[in-house]
Every structure is written in structure tokens, then in C-alpha cells.
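Per this note's numbering, residue 759 is the first one in the sequence shown, and the count goes up by one each step.
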Amino acid sequence: MSTNQPDPKWISEFLASRRSTRDFLPTPVPNEILDQILTDALTAPSWSNTRPFKVAIATDEVRDRISNEFLSRWSVLSQIMRRGLKNKLRLIYSRYGLPTSNRSIVKPYVAELRPRAQRVGKELYELFGVKRGDRTARDAQWGKNYSFFGAPVELFIYIHKSLHIYAASDAGLMMENLMLSAHAHGLGTCAQGAVNIWDDVIRREFDISKDYRLLCGLAIGYPSNSPVNSFQAHRIDVSEMVVKPKKFK
Ligand SMILES: Cc1cc2nc3c(=O)[nH]c(=O)nc-3n(C[C@H](O)[C@H](O)[C@H](O)COP(=O)(O)O)c2cc1C
């Protein structure tokens, strides 16, 4: 190994130490640091170098206006989802709170993936002190997604519709670089599929071409000391990911 080559253990430890932050301090993120992590994000590989994504950066009043509208819609949607058919019909009639963009995130997981999602959900809700079956507490906890867990910066990641899965893949690579650079700067991040249901609220604040669709949000800020920020999500074993050739099965 050349002397300039860092010990590869360093990268393994650094990667393993990143985790999602779900409780942020209100401390602002300096613009120079935000610019640096966005620059680092763009060193990720990309399909034919097309970079088929856009990032809307919500801070200050823009962030607050979007969060307030999300919280207001979530309070309507979550109540109606909890109550009976009459309330569901009221939602369909008034339409306020109904998802305006991606409805797939409210669909159940397929059997193969469900246990993994259930496990992280159960472990996180236990940590938050939400009792099994307490739907109100659960909805309140999920609702924290709509205040971006207190993060002062929320990014909204849009992908170009023409490149389909490759646009999402490129955005994912860019996001991971961004999250790791943020981590190296002592910042926490949380990718947020939860915000991908009311795209119209974001488009009121930003001029975004209809050629792009919302992928997810990404909260950035300084992590608080809350134990939730030390939560270690289970990581599947390599053998669960790797597919062996048929003849070795
Ligand atoms: C595209 C994407 C969307 C996500 N959406 C949410 C979300 O809406 N709310 C949330 O609390 N966590 C969300 N997460 C975070 C995952 O739950 C988390 O990455 C996973 O449990 C593994 O934990 P770790 O990031 O701490 O390693 C999302 C992650 C990704 C990659």
C-alpha cells in the first residue's frame, strides 16, 4: 500500500457510523458548509453524466411555510385515516389533506420486505415510547416528519421523468454522497419519503419544471443529544443480498 493511501478500515468505520438523525437542533447550517456538501454530492457517478435531478433548498420562511402546510394537512389526513367511513368520505369530498403526488408510499409493503420495515418501525416506536396500538401517539410521531424533525434545512429531491429508474438511482448516489459529506461536517441527515405526498405545496414555493417529479425530502442540521439519534437500525447480512449462481445452490 502506498503511504498516501488511507487505511481502508477508516472508510468502513466512517460509513458504519452514519445513521439517520430524527431530532435536530435549531442551529442554522452555515452557507459555506451547505455549499461544500452540495459540491461533494455532485462527485457521485451518474448515468451518461446527465445528473437528472434538481434540488429545492428550503430554509427560513420558505421551510416554515412548507412545514406548516404539511402539518396542517397531516392533522386532517391522519385523523380521517383513524376514523370511520363517514370521515373518509368527507376527505374525498373536501380533498384537503389527500395525497396530491405519490400515493404509493401509503401502500402496504410486499411480504418479502415487510418484516424489515416492521422491525425498524417497531424498534423506533419503542425508543420514542409509543405503545403498540396507540395510533394517536404513532401518528404524532410520524407527523414529526412534517416539521422535518426540527431541521433548519430541508432539501426536496426531484428527478427527471424521462430517465425513470436511472434518475432515481442517480439521485440516490448523489444523496448518499451528500449525507456522508454532511456526516463528515458533524451534521445529521434523514432522507424522508414521508414528504413525498403533497408536491403541490413545494411547487408553490419553487419554480420546478413538470418534467421533474418529487423523489423524497432530506433533512439536514445539527443532531441533538436525543437517544433516537444513536439508534442503530438493523443491517441485513451480506448473504441476504447476494444471489448465488444456480449450480452452487
Ligand atoms: C429514500 C428514503 C426515504 C426515507 N424516508 C424516511 C421517512 O420518511 N422518515 C424517516 O423517519 N426515515 C426515513 N428514511 C430513513 C430510513 O428509515 C433509514 O435510512 C433506515 O431505517 C436505515 O437506518 P439508518 O439510516 O440509520 O442506517 C428514509 C430513507 C431513504 C433512503
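Think of the CB as a built atom: it goes at the ideal place given N, C-alpha and C, for glycine as much as any other residue.
Quick caveat, the model's predicted, so the values are computed rather than measured.
ask   = Between the Cα of Leu792 and the Cα atoms of Glu998, Pro910, Ser920, Met839, which residue gives the shortest distance?
value = For this step, residue 792 is matched to residue 34 along the sequence shown. Here the closest residue by C-alpha is Pro910.
ask   = From Thr797 to Asn789, what distance separates their C-alpha atoms?
value = Indexing the sequence shown from 1 puts residue 797 at position 39. Indexing the sequence shown from 1 puts residue 789 at position 31. For Thr797 and Asn789, the distance between alpha carbons rounds to 12 angstroms.
CA-to-CA distance, Ser927 to Leu936, given in whole angstroms = Here residue 936 is taken as the residue at index 178 of the sequence shown, counted from 1. Here residue 927 is taken as the residue at index 169 of the sequence shown, counted from 1. For Leu936 and Ser927, the gap between their C-alpha atoms comes out near 14 angstroms.
inquiry  = By the DSSP assignment, the alpha helix (DSSP H) with Ile917 in it spans what residues?
reply    = Walking along the sequence shown from the start, residue 917 turns up at place 159. Ile917 -> not in any alpha helix (DSSP H); beta strand (DSSP E) instead, spanning 911-918.
inquiry  = What would DSSP say about Val1001, mapped onto helix, strand or coil?
reply    = The count along the sequence shown starts at 1 and reaches residue 1001 at position 243. Looking at Val1001 - three-state DSSP - the assignment turns out to be coil, as it is neither helix nor strand.
query = Taking only runs of the alpha helix (DSSP H) that begin and end inside the region 873-953, which ones reach a length of at least 4 residues, in chain order?
reply = Note on the region 873-953: whole alpha helix (DSSP H) runs with a minimum of 4 residues are 893-901, 922-942, in chain order.
inquiry  = Between the alpha carbons of Pro918 and Thr808, how many angstroms are there, rounded?
reply    = Translated into positions along the sequence shown, residue 918 becomes position 160. Translated into positions along the sequence shown, residue 808 becomes position 50. Per the sequence shown, residue 918 should be read as His rather than Pro. Approximately 10 angstroms, taken between the alpha carbons.
task = Put Phe772 into one of helix, strand or coil per three-state DSSP.
result = Locating residue 772 in the sequence shown gives position 14, counting from the first residue. Helix, per DSSP.
Check whether Leu785 and Gly979 have beta carbons under 8 angstroms apart = Counted from its first residue, the sequence shown places residue 785 at position 27. Counted from its first residue, the sequence shown places residue 979 at position 221. Correcting the residue type first, residue 785 is Thr in the shown sequence and not Leu. Result yes, Cβ atoms of Thr785 and Gly979 sit closer than 8 angstroms.
ask   = Out of Cys974, Phe828, Asp957, which has the shortest C-alpha to C-alpha gap to Ser967?
value = Here residue 967 corresponds to residue number 209 of the sequence shown, with the count starting at 1. For the residues Cys974, Phe828, Asp957, the minimum Cα distance to Ser967 belongs to Asp957.
query = Ends of the beta strand (DSSP E) at Val813?
reply = Here residue 813 corresponds to residue number 55 of the sequence shown, with the count starting at 1. Per DSSP, Val813 belongs to the beta strand (DSSP E) from 811-816.
ask   = Who are Phe782's beta bridge partners in DSSP?
value = Mapped onto the sequence shown, residue 782 falls at position 24. Under DSSP, Phe782 takes part in a beta bridge, and its partners are Pro981.
query = Just to confirm, are Glu870 and Val959 a CB contact at a threshold of 8 angstroms?
reply = On the sequence shown, position 112 is the one that residue 870 refers to. On the sequence shown, position 201 is the one that residue 959 refers to. Cβ distance not < 8 angstroms, so Glu870 and Val959 don't count as in contact.
Identity of the residue in Ile769, Phe811, Asp765, Arg776 nearest Ala940 by Cα = One-based indexing of the sequence shown puts residue 940 at position 182. Ranking the options by Cα distance to Ala940, first place goes to Arg776.
query = So, helix, strand or coil for Arg840, using DSSP?
reply = Reading the sequence shown from its first residue, position 82 is the one you call residue 840. Helix.
message = At the level of alpha carbons, what is the spacing between Asp892 and Ala814?
response = Numbered from its first residue, the sequence shown carries residue 892 at position 134. Numbered from its first residue, the sequence shown carries residue 814 at position 56. Here the alpha carbons of Ala814 and Asp892 stand approximately 35 angstroms from one another.
message = Taking the alpha-carbon of Cys948 as reference, which of Tyr904, Arg962, Ser920 has the nearest alpha-carbon?
response = Walking along the sequence shown from the start, residue 948 turns up at place 190. The residue with the shortest Cα to Cα distance from Cys948 is Tyr904.
query = So which residues touch the region around ligand 1, with touch meaning a C-beta under 6 angstroms from any heavy atom?
reply = Those residues, listed in chain order, are Arg777, Ser778, Arg780, Val878, Asn903, Cys948, Ala949, Gln950, Gly951, Ala952, Cys974, Ala991.
ask   = Do you know whose CA, among Leu885, Tyr916, Lys1002, lies nearest Pro985's CA?
value = Locating residue 985 in the sequence shown gives position 227, where the first residue counts as 1. Taking Pro985 as reference, the option from Leu885, Tyr916, Lys1002 with the minimal CA-CA separation is Leu885.
Proximity test, Cβ basis, 8 angstroms: Thr785 and chain B = Among the chains of the structure shown, chain B does not appear; only one protein chain is present.
inquiry  = On the CB-based measure, 16 or more other CB atoms within 10 Å of its CB, does Pro981 come out buried or exposed?
reply    = The sequence position of residue 981 within the sequence shown is 223, counting from 1. That one is buried.
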